Amino acid sequence: MIIYKWRRPYRINYIKKNFKIWTSGNKKIDDFIQNVQLKINIWNDTVFEWIPYNKFDDIKEIGKSGYSSVYSATWKDGPLYYDNNSKEWIRKSDKKVILKCLMISEFLNVVKAYLTDKDKIILEVYGISQNPDTNDYVIVFHINKMIEIYEKYTKNFFTNWSYNLPINKKIIDFIQQMQLKINFYYDIVFEWIPYSQLNKVKKIGKGGFATVYSAIWEDGPLCFDDNKMEWTREINKKVALKCLHSSQNINEGFEGFLNEAKEYSIDSLNILRIYGISQNPDTKNYIMVLQYAEGGDFNKWINKNYENFDWTNKIKVLNNIINGLKEIHQKEKVHHDFHTGNILFLFTSTSDICDYTRISDMGLCGEVDNIDEEKIYGVMPYVAPEVLRGKLYTQAADIYSFGIIMYFVATGRQPFANRVHDEFLALDICEGIRPKLNELEAPKCYIELMKKCWDSNPNKRPDATEISDQIYSWKNDDFEHVENYRKANLFKRKQLIIHPQAIYTSRILNPYTENLSKYYNSNCSDCAIVD
Numbered sequence: 001m002i003i004y005k006w007r008r009p010y011r012i013n014y015i016k017k018n019f020k021i022w023t024s025g026n027k028k029i030d031d032f033i034q035n036v037q038l039k040i041n042i043w044n045d046t047v048f049e050w051i052p053y054n055k056f057d058d059i060k061e062i063g064k065s066g067y068s069s070v071y072s073a074t075w076k077d078g079p080l081y082y083d084n085n086s087k088e089w090i091r092k093s094d095k096k097v098i099l100k101c102l103m104i105s106e107f108l109n110v111v112k113a114y115l116t117d118k119d120k121i122i123l124e125v126y127g128i129s130q131n132p133d134t135n136d137y138v139i140v141f142h143i144n145k146m147i148e149i150y151e152k153y154t155k156n157f158f159t160n161w162s163y164n165l166p167i168n169k170k171i172i173d174f175i176q177q178m179q180l181k182i183n184f185y186y187d188i189v190f191e192w193i194p195y196s197q198l199n200k201v202k203k204i205g206k207g208g209f210a211t212v213y214s215a216i217w218e219d220g221p222l223c224f225d226d227n228k229m230e231w232t233r234e235i236n237k238k239v240a241l242k243c244l245h246s247s248q249n250i251n252e253g254f255e256g257f258l259n260e261a262k263e264y265s266i267d268s269l270n271i272l273r274i275y276g277i278s279q280n281p282d283t284k285n286y287i288m289v290l291q292y293a294e295g296g297d298f299n300k301w302i303n304k305n306y307e308n309f310d311w312t313n314k315i316k317v318l319n320n321i322i323n324g325l326k327e328i329h330q331k332e333k334v335h336h337d338f339h340t341g342n343i344l345f346l347f348t349s350t351s352d353i354c355d356y357t358r359i360s361d362m363g364l365c366g367e368v369d370n371i372d373e374e375k376i377y378g379v380m381p382y383v384a385p386e387v388l389r390g391k392l393y394t395q396a397a398d399i400y401s402f403g404i405i406m407y408f409v410a411t412g413r414q415p416f417a418n419r420v421h422d423e424f425l426a427l428d429i430c431e432g433i434r435p436k437l438n439e440l441e442a443p444k445c446y447i448e449l450m451k452k453c454w455d456s457n458p459n460k461r462p463d464a465t466e467i468s469d470q471i472y473s474w475k476n477d478d479f480e481h482v483e484n485y486r487k488a489n490l491f492k493r494k495q496l497i498i499h500p501q502a503i504y505t506s507r508i509l510n511p512y513t514e515n516l517s518k519y520y521n522s523n524c525s526d527c528a529i530v531d
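Here UniProt numbering is used: the first residue of the sequence shown is 1, the next is one more, and so on.
Below you can see the structure in the form of structure tokens.
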């Protein structure tokens with residue numbers, strides 16, 4: 001513990017001496033920090049500092065908008081506090097903080113605005129740092145003060161919003177429950193969105209249970225502007241509308257609609273976000289208003305971007321996907337229909353790929369102990385062997401699907417694309433047959449993890465946290481030779497032929513699995529779940 005005595009002349013002299021032992025590497029930044037430090041007048045003034053980025057642990061992105069990103073973190077050393085009892089300055093270690101990264105040239109003007117704002121609630125700025133990877137400067141805030149800012153300006157904001165709306169009490173209660181999930185000012189404000197606000201509605205897809213449209217939301221979602229300290233709307237926002245068939249039936253499809261809406265996110269950067277719900281006045285079906293993924297699903301996206309989808313970007317995408325799955329599993333849930341068609345890209349190119357990959361289609365997502373065992377639903381090559389055999393769907397089954405996704409990421413090929421997806425493929429999967437890849441297409445560390453994920457025995461598969469840790473441990477050197485191979489063989493993907501009965505959209509698989517018992521042999525025992 002470092003201790004300092006409080007006397008202003010002594011403190012100013014101490015600060016001046018310290019000018020020589022720290023630097024940001026930028027004279028303009030150094031001068032700014034020194035000027036702020038010299039303005040300390042009383043013992044409880046915040047000590048504004050240059051904070052090396054390596055002093056932060058547990059850095060997690062929690063929001064992004066415009067030219068800024070926001071992270072939570074732990075400051076290992078912690079800020080300087082004056083202990084009024086001992087009359088000494090001390091550091092309180094492991095302090096939770098907010099890091100606001102501004103990707104703009106007027107960074108110091110923004111910092112100055114925070115420091116000079118008349119509103120006392122906003123003065124808890126600990127200092128400045130810099131991300132060595134991006135070179136972006138970072139403002140370091142007191143985490144509780146940032147939450148106070150949000151709460152102060154949000155108080156009474158949602159009061160009486162439901163009055164005079166033509167919606168039933170179940171919907172009102174549901175919206176209020178979703179709004180209560182808000183923990184931070186970057187979280188989405190879940191709303192009732194009048195259908196009249198949705199323009200240029202265009203059908204973009206249809207499945208067995210739902211139809212999906214694109215639309216322009218005229219008013220757009222609520223955003224809290226922490227610079228102006230006010231709520232604003234992002235007008236003319238492009239959104240996706242997911243309309244569940246028969247959701248107008250308040251006793252049947254409607255419950256499924258609410259259950260799915262609940263599983264989408266208002267705060268995650270890895271799971272597709274939901275803005276609110278609406279209702280088609282003609283069909284009476286309820287509608288989920290979701291983030292629009294301009295890049296489409298993984299299957300469509302890779303067709304446009306395969307040449308630029310290098311191994312650096314492959315690992316970023318995998319990391320994003322496993323973090324989303326980890327988030328689902330930490331809530332004691334399973335996705336239940338995990339495949340490349342349910343991984344979306346918010347943008348069409350490989351730029352910012354690490355920030356804009358989302359897990360979608362949460363319709364079958366549910367609690368681990370509350371999954372329907374009778375219906376086997378999904379894309380056959382992505383479904384775990386024990387599930388094909390009628391066993392309970394578990395988190396380990398999601399991990400199997402992730403292993404198959406790893407194959408797709410490495411090769412750019414769909415698994416079992418050259419054959420019919422029927423009962424014979426289901427049998428082969430149960431007997432341990434897996435898609436093949438050339439060992440030059442992926443490094444040894446990658447192939448080993450992929451094979452662990454699709455192990456026939458679910459108990460031998462790693463969990464999402466283990467996978468995340470292993471991906472993080474990989475070195476760039478491991479991927480140099482496979483990147484060279486990828487570049488030299490781009491033409492081969494153009495020669496791929498997919499069998500007309502190889503189906504990569506989700507469907508009921510029971511017709512292809514109900515007779516598997518006739519073909520069981522000793523090899524199938526590998527699929528059994530060990531209690």
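Each residue gets a CB set at the ideal place from its N, CA and C atoms; glycine is no exception. Computed from a prediction, not measured in an experiment: that's the story for all the values here.
- Environment of glycine 25 [buried if 16+ CB atoms lie within 10 Å]: Position 25 of the sequence shown, counting from 1, holds the residue named residue 25. Glycine 25 should be labelled exposed.
- Message: Assuming the contact rule is C-beta atoms closer than 8 Å, glycine 256 and asparagine 236 should be a hit. Round their C-beta distance to whole Å, please.
- Response: In the sequence shown, the residue the question calls residue 256 occupies position 256. In the sequence shown, the residue the question calls residue 236 occupies position 236. 31 Å between Cβ atoms; not a contact.
- Buried/exposed call for lysine 284, threshold 16 Cβ in 10 Å: The residue given as residue 284 occupies position 284 in the sequence shown. It is exposed - the Cβ of lysine 284 has fewer than 16 other Cβ atoms within 10 Å.
- Message: On the criterion of 16 or more Cβ atoms from any shown chain inside 10 Å, does residue 535 qualify as buried, or is it exposed?
- Response: With the chain covering 1 to 531 only, the question about residue 535 has no answer from this structure.
- Message: On the DSSP bridge list, what partners appear for methionine 288?
- Response: To locate residue 288, count along the sequence shown from 1; it is residue 288. Paired residue(s): Lys242, Ile277.
- Task: Return the chain-ordered ranges of every alpha helix (DSSP H) run that is complete within the segment 393-422 and spans a minimum of 4 residues.
- Result: 395-411
- Item | Environment of methionine 271 [buried if 16+ CB atoms lie within 10 Å] | Along the sequence shown, one-based indexing puts residue 271 at 271. Checking the displayed sequence, the identity of residue 271 turns out to be isoleucine instead of methionine. Classification of isoleucine 271: buried, given that the 10 Å Cβ count is 16 or more.
- Would you grab the beta carbon distance between glycine 341 and tyrosine 504 for me? Rounded to a whole angstrom, and I think it's under 8 Å. Residue numbering aside, residue 341 sits at position 341 when the sequence shown is read from its first letter. Residue numbering aside, residue 504 sits at position 504 when the sequence shown is read from its first letter. Glycine 341 to tyrosine 504, Cβ: 6 Å. Contact.
- Go ahead and pull the three-state DSSP assignment for phenylalanine 174. Counting from one through the sequence shown, the residue named residue 174 turns up at place 174. It is helical.
- In three-state terms, what does DSSP make of arginine 358? As a working mapping, residue 358 is identified with position 358 in the sequence shown. Strand, per DSSP.
- Beta-carbon separation (whole angstroms), valine 111 vs isoleucine 128, contact threshold 8 Å: Residue mapping note: residue 111 aligns to position 111 of the sequence shown, counting from 1. Residue mapping note: residue 128 aligns to position 128 of the sequence shown, counting from 1. Going by Cβ atoms, the distance from valine 111 to isoleucine 128 rounds to 7 Å, so yes, they are a contact pair.
- Query: What is the rounded straight-line gap between the Cα of cysteine 430 and the Cα of tryptophan 474?
  - Reply: Reading the sequence shown from its first residue, position 430 is the one you call residue 430. Reading the sequence shown from its first residue, position 474 is the one you call residue 474. Straight-line Cα distance between these residues: approximately 31 Å.
- Rounded to whole angstroms, what's the CA-CA distance from isoleucine 405 to isoleucine 321? Just pull it up for me. The residue given as residue 405 occupies position 405 in the sequence shown. The residue given as residue 321 occupies position 321 in the sequence shown. Straight-line Cα distance between these residues: approximately 9 Å.
- What is the rounded straight-line gap between the Cα of glycine 403 and the Cα of isoleucine 172? In the sequence shown, residue 403 corresponds to position 403, counting from 1. In the sequence shown, residue 172 corresponds to position 172, counting from 1. Their backbone Cα atoms lie some 40 Å apart in a straight line.
- Per DSSP, glutamine 130 is paired with what? As a first step, residue 130 is located in the sequence shown; it is residue number 130 there, counting from the start. DSSP output for glutamine 130 lists Tyr137 as bridge partner(s).
- For serine 473, the first and last residue of its enclosing alpha helix (DSSP H): As a working mapping, residue 473 is identified with position 473 in the sequence shown. Run containing serine 473: 464-473, per the alpha helix (DSSP H) assignment.
- For serine 506, does the three-state DSSP call read helix, strand or coil? Within the sequence shown, numbered from 1, the residue matching residue 506 stands at position 506. Serine 506 falls in the coil class under three-state DSSP.
- Message: In whole angstroms, give me the CA-to-CA distance for aspartate 310 and tryptophan 301.
- Response: Position 310 of the sequence shown, counting from 1, holds the residue named residue 310. Position 301 of the sequence shown, counting from 1, holds the residue named residue 301. One C-alpha to the other measures close to 14 Å.
- Limits of the unbroken alpha helix (DSSP H) element including threonine 312: Along the sequence shown, read from residue 1 onward, the residue named residue 312 stands at position 312. Start and end: 311-330.
- Message: Let me check one thing: in DSSP terms, what residues is isoleucine 271 bridge-paired to?
- Response: On the sequence shown, position 271 is the one that residue 271 refers to. In DSSP, isoleucine 271 forms a bridge with Ile359.
- Query: To the nearest angstrom, how far is it from the Cα of leucine 102 to the Cα of asparagine 131?
  - Reply: For the purposes of this step, residue 102 is taken as residue 102 along the sequence shown, with counting starting at 1. For the purposes of this step, residue 131 is taken as residue 131 along the sequence shown, with counting starting at 1. Cα-Cα distance, rounded: 11 Å.
- Query: Given that a residue counts as buried once 16 or more other Cβ atoms are within 10 Å of its Cβ, and exposed if not, what is tryptophan 217?
  - Reply: Taking the sequence shown and counting its residues from 1, the one referred to as residue 217 is at position 217. Buried, because 16 or more other Cβ atoms sit within 10 Å of the Cβ of tryptophan 217.
- Task: Quick one: residues in its chain with C-beta nearer than 8 Å to the C-beta of lysine 118, no 5 flanking neighbours on either side, listed in chain order?
- Result: Your numbering for residue 118 matches position 118 in the sequence shown. Its pLDDT being 43, under 50, lysine 118 is placed unreliably in this model, and the value from its coordinates should be taken loosely. Answer for lysine 118: no residue qualifies.
- Query: Less than 8 Å separating the beta-carbons of threonine 357 and valine 409?
  - Reply: Residue mapping note: residue 357 aligns to position 357 of the sequence shown, counting from 1. Residue mapping note: residue 409 aligns to position 409 of the sequence shown, counting from 1. Result no, Cβ atoms of threonine 357 and valine 409 do not sit closer than 8 Å.
- Cα separation between alanine 73 and isoleucine 399? To locate residue 73, count along the sequence shown from 1; it is residue 73. To locate residue 399, count along the sequence shown from 1; it is residue 399. Approximately 28 Å between the Cα atoms of the pair.
- Query: For threonine 232, which three-state DSSP category applies?
  - Reply: Numbered from 1 along the sequence shown, position 232 holds the residue referred to as residue 232. In this structure, threonine 232 counts as strand in the three-state DSSP scheme.
- Task: State the Cα-Cα distance for the pair tyrosine 71 and glutamate 234, rounded to the nearest angstrom.
- Result: The sequence position of residue 71 within the sequence shown is 71, counting from 1. The sequence position of residue 234 within the sequence shown is 234, counting from 1. Their Cα atoms are separated by approximately 22 Å.
- Please classify serine 72: does DSSP put it in a helix, a strand, or coil? As a first step, residue 72 must be located in the sequence shown, where it is residue number 72. Three-state result, serine 72: strand.
- Query: How many angstroms separate the CA atom of glycine 390 from the CA atom of lysine 262?
  - Reply: Working through the sequence shown from its first residue, we reach residue 390 at position 390. Working through the sequence shown from its first residue, we reach residue 262 at position 262. Looking at the two C-alpha atoms, the distance is approximately 27 Å.
- Item | Which residues DSSP lists as bridging threonine 340, in chain order | Locating residue 340 in the sequence shown gives position 340, counting from the first residue. Bridge partners of threonine 340: none, in fact.
- Is the CB-CB distance between leucine 496 and alanine 442 below 8 Å? Reading the sequence shown from its first residue, position 496 is the one you call residue 496. Reading the sequence shown from its first residue, position 442 is the one you call residue 442. No, they are not a contact pair.
- Task: Assign asparagine 515 to one of three DSSP states: helix, strand, or coil.
- Result: Start at 1 with the first residue of the sequence shown, and residue 515 comes out as number 515. Coil at asparagine 515, not helix or strand.
- Give me whichever residues DSSP pairs with aspartate 57 in a beta bridge. As a working note, residue 57 is residue 57 in the sequence shown. In the DSSP output, where bridge partners are listed per residue, aspartate 57 has Thr74.
- Close Cβ partners of valine 97 (< 6 Å) along its chain, the five nearest in sequence each way excluded: Here residue 97 refers to the residue found at position 97 of the sequence shown. Here the set comprises Ala73, Trp75, Val140, Ile143.
- Task: Going by CA-CA distance only, name the one from Leu392, Val387, Trp454 that's closest to proline 415.
- Result: One-based indexing of the sequence shown puts residue 415 at position 415. Of the candidates Leu392, Val387, Trp454, the one whose C-alpha sits nearest the C-alpha of proline 415 is Trp454.
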